[in-house]
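Student: I have a structure here, written as structure tokens, and I will follow up with some questions on it.
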Amino acid sequence: MARLVLICGLPGSGKTTVALRLARELPAIRLSPDEWLHNLGMPSQLPTARERVESLQWQMAQALLRIGTSVILESGFWRRRERDQFRERARQLGAQVELRYLDVPIAELERRLAFRSKGGSVQGSGTTGPISRDEIAAWKAVFEAPDATELALYDTRVTAS
């Protein structure tokens, strides 16, 4: 049975690392908006471009799920409403849905992102520009972490830090 895996977490939480490993293990097609934007020579924080890329990736993901191929979406999924919409649509297509929530403390996010911005070698580095502490704090303030009630709605759920 096809599976949709939603990778949920802030920048620096390890989404790419987890998604790359899962793509090999399942196997699954991994779709990363940051990588597509980087390959197109566009900043990953450009809202309209990001929305278009994520929309195209979702269209592709639905087509893949329909033919029984598992898909990993590495978009971060910061809002509960967004996660609900993807989960419900994937179920309509007959797919199982898994949520991988990467709950990483702010201090660790800052450390990882500082390392990455100084040219540190981490999987997925080079796909985003430097990120400030203020940006991380602002993103953390709007991020809606999944709670136990929401996690129970998924066929598989994993919380890692």
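The opening position of the sequence shown corresponds to residue 0 in numbering that gives the first Met the number 0, with each subsequent residue numbered one higher. Heads up, the beta-carbon is just placed ideally off N, CA and C, and yes, glycines get one too. Since this is a predicted model, take the numbers as computed values, not measurements.
1) For the beta strand (DSSP E) containing Arg156, name the first residue and the last one.
2) Check whether the Cβ atoms of Ala159 and Leu101 sit closer than 8 Å, and answer yes or no.
3) According to the Cβ coordinates, are Phe85 and Leu5 closer than 8 Å?
4) Roughly how many angstroms separate the alpha carbons of Leu39 and Thr47, rounded to a whole number?
5) If you draw a straight line from the C-alpha of Arg156 to the C-alpha of Leu150, how long is it?
6) What does DSSP give as the partner residues of Glu97 in its beta bridges?
7) Compute the Euclidean distance between the alpha carbons of Arg2 and Ser12, then round it to the nearest angstrom.
8) Which partner residues does Gly75 have in the DSSP bridge list?
9) Can you tell me which residues form a DSSP beta bridge with Val229?
Tutor: Judging by the given coordinates:
1) Indexing the sequence shown from 1 puts residue 156 at position 157. From DSSP, the beta strand (DSSP E) with Arg156 extends over 155-159.
2) In the sequence shown, residue 159 corresponds to position 160, counting from 1. In the sequence shown, residue 101 corresponds to position 102, counting from 1. Taking 8 Å as the Cβ cut-off, Ala159 and Leu101 qualify as a contacting pair.
3) Here residue 85 corresponds to residue number 86 of the sequence shown, with the count starting at 1. Here residue 5 corresponds to residue number 6 of the sequence shown, with the count starting at 1. Yes, the Cβ-Cβ distance between Phe85 and Leu5 is below 8 Å.
4) Translated into positions along the sequence shown, residue 39 becomes position 40. Translated into positions along the sequence shown, residue 47 becomes position 48. Note on geometry: alpha-carbon atoms of Leu39 and Thr47 lie some 14 Å from one another.
5) As a first step, residue 156 is located in the sequence shown; it is residue number 157 there, counting from the start. As a first step, residue 150 is located in the sequence shown; it is residue number 151 there, counting from the start. Rounded to whole angstroms, Arg156 to Leu150 spans 6 Å at the Cα level.
6) Sequence index remark: in the sequence shown, residue 97 carries index 98 (1-based). DSSP output for Glu97 lists Val4, Thr155 as bridge partner(s).
7) By one-based count along the sequence shown, residue 2 stands at place 3. By one-based count along the sequence shown, residue 12 stands at place 13. Straight-line spacing of the CA atoms in Arg2 and Ser12 works out to 22 Å.
8) Here residue 75 is taken as the residue at index 76 of the sequence shown, counted from 1. In the DSSP secondary-structure assignment, Gly75 is bridged to Cys7.
9) The structure shown does not extend to residue 229, since the chain is modelled only from 0 through 160, so no value can be given for it.
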